[in-house]
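Take a look at the structure below.
Residue numbers (my numbering): 7 to 213.
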């Protein structure tokens, strides 16, 4: 049996940070629910890009104002990481991708805990931070890793910037609640499931 606890809402968290909800979500200022209105019909599709049938990635944003990143939705891990602006220029795999700049986000909260995740070709290292993460128009307050050290292979050749782990909480490093579980906690999806559809690579086409 796993104990459940209620998480503070996005509105509550922003109020505690002294940030107005309408500053983060300008579409509310217009009184309309256009493209950024969250899931429709209880689903939240994210378009994936297929690169040569080897890399499938989609876009998310982090921070206020939003900083956009291409991430692989990985079922084999449970943490979110993106390259950091603090990454040394010596790491060419960092500087060749979009990098998160905490100094440009009004909703950034420092954490500072060291982070490391190991892949077959090496380790990604960095520090933990907290900010607003937007996945398919669903905003969540998320602890994620700013990668400050990236191995050149294979990331220097990657068309994606980072990785969004879709695995179970038991797989998460440092006990961080995964992105998908944060989304589920908002109870806005029709079902507590996600699915992935892959298609063959067509130049310029979706995945």
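Built from N, CA and C at the ideal position, the CB exists for glycine as well.
Taking the CB atoms as reference points, tell me whether residue i and residue j lie closer together than 9 Å.
{"i": "residue 133", "j": "residue 121", "result": "yes"}
{"i": "residue 91", "j": "residue 106", "result": "yes"}
{"i": "residue 77", "j": "residue 173", "result": "no"}
{"i": "residue 66", "j": "residue 137", "result": "no"}
{"i": "residue 98", "j": "residue 162", "result": "yes"}
{"i": "residue 151", "j": "residue 123", "result": "yes"}
{"i": "residue 182", "j": "residue 149", "result": "yes"}
With a 10 Å radius around its C-beta and 16 neighbouring C-beta atoms as the bar for buried, classify residue i as buried or exposed.
{"i": "residue 37", "result": "Residue placement at residue 37 is flagged as unreliable, the pLDDT there being 41, under the threshold of 50; the coordinate-derived value follows with that caveat. When all chains shown are included, residue 37 counts as exposed."}
{"i": "residue 58", "result": "Legend: pLDDT at residue 58 = 46, less than 50; position of this residue unreliable, no value from coordinates given."}
{"i": "residue 188", "result": "buried"}
{"i": "residue 70", "result": "buried"}
{"i": "residue 116", "result": "exposed"}
{"i": "residue 96", "result": "exposed"}
{"i": "residue 81", "result": "exposed"}
{"i": "residue 154", "result": "buried"}
{"i": "residue 175", "result": "exposed"}
{"i": "residue 43", "result": "Residue placement at residue 43 is poorly supported in this model, since its pLDDT is 48, which falls under 50; the coordinates still yield a value, given next. It counts as exposed."}
{"i": "residue 64", "result": "buried"}
{"i": "residue 94", "result": "exposed"}
{"i": "residue 135", "result": "buried"}
Based on the DSSP secondary-structure assignment, which residues constitute the bridge partners of residue i?
{"i": "residue 90", "result": "106"}
{"i": "residue 80", "result": "171"}
{"i": "residue 120", "result": "133"}
{"i": "residue 192", "result": "Partner(s): none; residue 192 has no beta bridge."}
{"i": "residue 75", "result": "66"}
{"i": "residue 179", "result": "Its beta-bridge partners do not exist; DSSP assigns none."}
{"i": "residue 125", "result": "128"}
Using CA coordinates, which residue listed in the options is at the minimum distance from residue i?
{"i": "residue 84", "options": "170, 109, 192, 190", "result": "170"}
{"i": "residue 214", "options": "110, 100, 108", "result": "The shown model of the chain, from 7 to 213, leaves out residue 214, and the question about it has no answer."}
{"i": "residue 127", "options": "159, 119, 180, 82", "result": "159"}
{"i": "residue 191", "options": "155, 98, 163, 144", "result": "144"}
{"i": "residue 177", "options": "129, 64, 86, 112", "result": "86"}
{"i": "residue 72", "options": "166, 150, 110, 186", "result": "110"}
{"i": "residue 103", "options": "75, 129, 118", "result": "75"}
{"i": "residue 89", "options": "184, 186, 157", "result": "157"}
Notebook entry, point to check: Which full runs of the alpha helix (DSSP H) of 4+ residues lie inside the stretch 128-177, going along the chain?
Noted result: Fully enclosed alpha helix (DSSP H) runs of 4 or longer: 158-161.
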